[in-house]
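Protein chains in written order, with our numbering: chain W, 1 to 382; chain P, 1001 to 1382; chain U, 2001 to 2382; chain F, 3001 to 3382. All C-beta atoms, glycine included, are put in the ideal place defined by N, C-alpha and C.
Protein chains: 4
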Amino acid sequence: MKNVERRMSKTSRIRVGILGATGAVGQKFVELLDGHPWFEVRELAASGRSEGKRYRDAVNWFSDVPLPDYAADLIVSSIDDEFESKILFSALPAEVADAVERKLADQGHIVVSNARSNRMAEDVPLVIPEVNSEHLGLVTRQASFSSGGFVITNPNCATVGLVCALKPLHDAFGVEAVQVTSLQALSGAGHPGVSALDALGNVIPFIDGEEEKLSTEPAKLLGSYDNGRVMPVQIAISAQCNRVPVVDGHLLCVSVKLSTRSRDAAGTAGSTGLTVKDVRNALESFETPYEIRSLPSTPETFLRVFEEAAFPQPRKHVGLGGGMPVSVGRIRAVPVLDFRLVVLVHNTVRGAAGCAIQNAELVAQTFRDTFFAGSAELFAAG
Amino acid sequence: MKNVERRMSKTSRIRVGILGATGAVGQKFVELLDGHPWFEVRELAASGRSEGKRYRDAVNWFSDVPLPDYAADLIVSSIDDEFESKILFSALPAEVADAVERKLADQGHIVVSNARSNRMAEDVPLVIPEVNSEHLGLVTRQASFSSGGFVITNPNCATVGLVCALKPLHDAFGVEAVQVTSLQALSGAGHPGVSALDALGNVIPFIDGEEEKLSTEPAKLLGSYDNGRVMPVQIAISAQCNRVPVVDGHLLCVSVKLSTRSRDAAGTAGSTGLTVKDVRNALESFETPYEIRSLPSTPETFLRVFEEAAFPQPRKHVGLGGGMPVSVGRIRAVPVLDFRLVVLVHNTVRGAAGCAIQNAELVAQTFRDTFFAGSAELFAAG
Amino acid sequence: MKNVERRMSKTSRIRVGILGATGAVGQKFVELLDGHPWFEVRELAASGRSEGKRYRDAVNWFSDVPLPDYAADLIVSSIDDEFESKILFSALPAEVADAVERKLADQGHIVVSNARSNRMAEDVPLVIPEVNSEHLGLVTRQASFSSGGFVITNPNCATVGLVCALKPLHDAFGVEAVQVTSLQALSGAGHPGVSALDALGNVIPFIDGEEEKLSTEPAKLLGSYDNGRVMPVQIAISAQCNRVPVVDGHLLCVSVKLSTRSRDAAGTAGSTGLTVKDVRNALESFETPYEIRSLPSTPETFLRVFEEAAFPQPRKHVGLGGGMPVSVGRIRAVPVLDFRLVVLVHNTVRGAAGCAIQNAELVAQTFRDTFFAGSAELFAAG
Amino acid sequence: MKNVERRMSKTSRIRVGILGATGAVGQKFVELLDGHPWFEVRELAASGRSEGKRYRDAVNWFSDVPLPDYAADLIVSSIDDEFESKILFSALPAEVADAVERKLADQGHIVVSNARSNRMAEDVPLVIPEVNSEHLGLVTRQASFSSGGFVITNPNCATVGLVCALKPLHDAFGVEAVQVTSLQALSGAGHPGVSALDALGNVIPFIDGEEEKLSTEPAKLLGSYDNGRVMPVQIAISAQCNRVPVVDGHLLCVSVKLSTRSRDAAGTAGSTGLTVKDVRNALESFETPYEIRSLPSTPETFLRVFEEAAFPQPRKHVGLGGGMPVSVGRIRAVPVLDFRLVVLVHNTVRGAAGCAIQNAELVAQTFRDTFFAGSAELFAAG
């Protein structure tokens, strides 16, 4: 199937590049873009010592999926080189991304970034397509937009899981406060990342910088977009992040305080008048916006709600639907804050490379006539 | 050293028995009572199929500490037998404990139980010696007390950790609400307990019955004792319990809302006016009550407060001080509820057998003249 | 795709049943037979307490692949019932299989068994299709064959891996002696199987009964078939089996002593005159027999030979090609015995349910005109 | 106790230094030398960036035993400095040890090294005290000996376990060939060492350089010493080393071919005429040489032989006797080579720092009158 598609669309697929292609997230981009119906990876860039090598020789490939054939013999370029691809995925570490991403946008590239560098900038959209695709409009405020370039970002991996679950609740009831304790997978730290001597049979109750991202990014993601501006919502968030010996999948234990606007006079559970059933209904009935459904990476089910007492579990459910759906379970009315739930997100797919690719698809679809007119038949097929 | 002590006190140590001696908690009793200065294990009882066997043949010993010599050749009796020992430690499953513990008290035994069966009964003390030793007075209300028998219990393993950390905060500031997410060790489920196929590289976000215990027991433990009654405190608690692939050590991610009685007008952090330093001081300055310090199992340090960003960690710190100290770290002022902290408790030592043994020591010291007059010189030495 | 296939072949697929359908191997059959082009599962049987329940209610489904829709509402029957399906897969424990399998064959069923009960019987084929499909002829010696029924078995999970690697070496050079130390996955013990408290961060250097199977089954598998008899080969085998904390994938550290018939006078490495390259060539050039290639479960690559120093690894490579290929690496000439190699087999796929299904395919193809004439178009399509 | 001893011997304990004190093995030296009756650590040296810092600030202490008080405030010196201590423990990486150890010996220091650099040098003893203490005589051949300095080494961590088990068998029966497959713990790779993403739920079937050490060092260790020379024994060894997710403890699956000198005419098991009982007797009756028993680090039991089917296990038995005894189990007569057994060694204690400290004790006792006359009363007490 993939081979057929690839051949069919060879002439018209959009050429893309990957910056930071040898790192953990970069490898995930390489893996997920294998056989992508719209995008064709033509450029791989990495830090100096990989430059000029074949990708297969430059990378310490550690995924359990074999290195895709298409990438094996591509020659790795420097991130300081000029790129031909209109779309560049950035899997760069923040300290490198800081200096490079805006510059590439100025050169006319669309930088679809997983780095944290520009996430909170006022003119940069921070997007999960099912949640806030309208924020894409921010890019028109970027100085580089006139030359056809801009930066768009996706959130921190744990933030993605949290916000996917909060969005339906915020739409239905309003969320006032969030308390989240995360149990995060090893792959979130990259490779080599955490030492096995620290991880095995242990929990590390701290992840540097993570709690801050988890506390600040949701307000922007859930904010309203109006005329080139995003108004963040007012939500108090307390986060504590733990590293646990799990390969893939961040599990979030979330408590939410719902706002009063939906409370009735006789409010029972959590004094909101809402029941577990109300909360579950809000999650299950949330619909992926129409224009997002046609993106190749959009999963059929956005949120999978479990009723089993001990689900979701990282090792068992992280791969459902290819890693793009977010799983929710253990919805309960509780006496502190209003409701508790457990959320599971595939941190390197939905929480990183998968979300970025979906963002790129959103960009391609939105700017199909502007920047990608040569690939028109792709979108018809898609 | 141990050998010397054992020899010295041979004639006078208090004889004790262990009920449920072949199970996981029972084995921990056997291990921790090896060479105990006050107690000498003389009776081991277990379910029917072990009866009449030598302990070494009846038990599937799985600790990493070798089976103590003293226990190896003891013949296992039935829990339906009559016992000679005044003090009986109960490591029975709740469904067995239900029927047996009160009956044994009626026969004049002091039952020091780790089972949940009688914990919440109005006339049964639920005790952590450093926290609420005065609750021991409840035993005089038990009908069996007139015949010299009674039941005393220790809390659920996760509750012990939580309450040890809450006690100093409640004394200093008052605690109004608690939100706790636990990451609990495999040994808490006994042996064989959790299947390796479920545990390895995974998190199970549910432990049957655990959240209820963690939500209800603290109110009794922190309650005030007056004239044969315990008045529970009013604390709202929301708990979510996860099983993680760790051998020993429950890690608790705790948020506390402090009561207003210590808030000043200009209250800053968490609007309580309290700082992280205030909270740390309360924890570090908490003193083990004088009469508890002389108990052999009382640790030198009740709470160990870490300042390192990523401590405490189960595998690295669970064994500190032999497992009786409770570790605390990551104290932070947060925008939801007032403060966060991370608590680590050794679930099978401080959280189970160790706490029960310390309770028995409290009983022995309290009733030294009544029930244990023959062992007077022990306490002098102690 | 699967749905299409299923619909197309609905009228003609061969109906099959699964005995022991709720156990670990039974679940793997249910999973692997989802959408199978030739077989349609119509009957699920299990022990008494599951009888009469819907499969979804009877099973504790623990795979990370969701329970297939086709099976969810099938009513579980008793293994003592009568069955309509010609082919019955047996995932029964040996003690049950002992009594049942021959009886079902007498009733005219083809029993494709993963149980060890009949593996070594003189009239029962023990088959890995790529290795010894001609052994199928043994079934004509079974008394039940006249009534259209017989038993065919696949080897122990570790044996499968070992023999797949030995077969090309035995064909090319002759194997005289084998020394194998296995590092076996948890899933080999079923569910719940090994206690997490025993497995985590540990190795258990013993698996009950495993070393005997690994020492005896290869001689039959590599034996020559002639006129209704299998002559076992003479190979001395020493096995030691360890359980390691890995979910899926048995890793075998194998040493082989090659026979003299290929040694030349000046024999260098291991005094066989053979080089690592010779051994690798033998493995890489081994061809799946022509008539086996068309079976739906036959993998494109039978043996995958790695040259990377630290490959194959269970977690990274066990799933290659869906779990049916066997991986080999670290081929070395050594001073004790002649050559060393490392073999990785997916123990529940190639080593159990997958091998049994492939055996059933071999049976269906072989007896297409005799027993499965009604499904003729399947094989054409296949 | 420790405090008492320390005070008693304060004036006379031998001052020692540790080179490479901040690394994994260096930390183990710091830990094991806490309260040592003969040695007092006075100097800690490490690579450039630690120089001048207090040890507590320079080290990333990762042991589960707290950093000893005695070391916390010692100032870390450079390994290029001059040292006052007569005995210097070397926990240096080989590439640093290469250049430094002989030079320090020339300056009159006794370098007790865990590095591999000088292990196989003809004039350097490679010693496990219970096995070949007489090899210490080699030091007199070192050019530096005239100035009072020399180098003594201990073997690779896996080699130590292997040779401790082989020694009694070689003495009793002669060993002709050895086949060993190791399952090695993470701590053998130091810290950070292996990435958790590679180790969790996985086996890595290769450890760089390990198989060579395991294949070559035993011949020297078991060799005979005569007049300043060691004659290596002729033993063919084939080794394959795997990394498994275990914290401490290398498990070795060993096969041995015994030499003919003990075979009788009617030889049964393995055609040696020897039984499992003979082999077990040889292991159990092996006696620690008289002069080694008084060394403080010599364990009461050199080899602990298990009869339980599934023992020894790393997590459960690695810490027995403080980590200095070596455990053996699963002794079996097998059809390839003669006997199989499983060996467990604590890789960082008996296999590294503990063995080096015991070597230093051997040196101190041997040269008590030459180099350590000022500490005479130590040895009397010891």
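Cβ-based burial, residue i [other Cβ within 10 Å; buried from 16]
i	result
Ser215 of chain W	buried
Ser1285 of chain P	exposed
Arg7 of chain W	With a pLDDT of only 44 at Arg7 of chain W, under the threshold of 50, the placement of this residue in the model should not be trusted; the figure read from the coordinates follows. Per the 10 Å Cβ criterion, exposed.
Pro2289 of chain U	exposed
Arg49 of chain W	exposed
Gly20 of chain W	buried
Met3324 of chain F	buried
Asn2060 of chain U	exposed
Asn3227 of chain F	exposed
Ala1189 of chain P	buried
Asp3369 of chain F	exposed
Thr272 of chain W	buried
Ser147 of chain W	exposed
Arg3229 of chain F	exposed
6 Å CB neighbourhood of residue i in its chain, flanking five on each side removed
i	result
Ala71 of chain W	Val30, Tyr55
Leu3074 of chain F	Leu3044, Tyr3055
Glu3082 of chain F	none
Pick from the options that is closest to residue i, judged by C-alpha positions
i	options	result
Glu176 of chain W	W:Val163, W:Arg368, W:Val233	W:Val233
Ala115 of chain W	W:Asp123, W:Ala91, W:Asp34, W:Arg42	W:Ala91
Ala1199 of chain P	P:His1346, P:Gly1273, P:Ala1185	P:Ala1185
Val254 of chain W	W:Val151, W:Phe339, W:His317, W:Ile235	W:Phe339
Arg383 of chain W	W:Asn359, W:Leu252, W:Gln313	The question about residue 383 of chain W has no answer here: the residues shown for chain W are numbered 1 through 382.
Leu1274 of chain P	P:Phe1379, P:Pro1168, P:Phe1173, P:Pro1037	P:Phe1173
Leu3258 of chain F	F:Val3127, F:Ser3297, F:Val3112, F:Gln3179	F:Gln3179
Leu2378 of chain U	U:Ala2024, U:Trp2038, U:Val2276	U:Trp2038
Boundaries (first-last residue) of the beta strand (DSSP E) holding residue i
i	result
Leu2344 of chain U	2339-2345
Ile3331 of chain F	3326-3333
Leu200 of chain W	Neither: Leu200 of chain W is in no beta strand (DSSP E) and is coded neither H nor E.
Leu1088 of chain P	1087-1090
Asp2226 of chain U	2224-2226
Arg1304 of chain P	1303-1305
Arg958 of chain P	This structure cannot settle anything about residue 958 of chain P, because the visible part of chain P is limited to 1001 through 1382.
First through last residue of the alpha helix (DSSP H) which encompasses residue i
i	result
Gly1354 of chain P	1354-1366
Asn242 of chain W	Run containing Asn242 of chain W: none in the alpha helix (DSSP H); it sits in the beta strand (DSSP E), 236-243.
Asp278 of chain W	276-284
Ser1215 of chain P	1210-1221
Leu2251 of chain U	Note, Leu2251 of chain U: premise wrong, no alpha helix (DSSP H); beta strand (DSSP E) at 2250-2258.
Val2096 of chain U	2094-2106
Residues near residue i by beta carbon distance below 7 Å, same chain, minus five either side
i	result
Ser2063 of chain U	Gln2027, Glu2031
Arg1280 of chain P	Val1305, Ile1331
Own chain residues within Cβ distance below 8 Å of residue i, not counting five before or after
i	result
Glu1308 of chain P	Gly1329
Listed by chain order, chain C residues near residue i by CB distance under 9 Å
i	result
Lys316 of chain W	In the structure shown, chain C cannot be found, because the protein chains are W, P, U and F.
Which residue spans inside the segment 2016-2073 of chain U form an unbroken beta strand (DSSP E) run of at least 3? 2039-2046
Starting from the N-terminal side, write out each stretch of the beta strand (DSSP E) that is 3 residues or longer and does not extend beyond the segment 2119-2183 of chain U. 2150-2153
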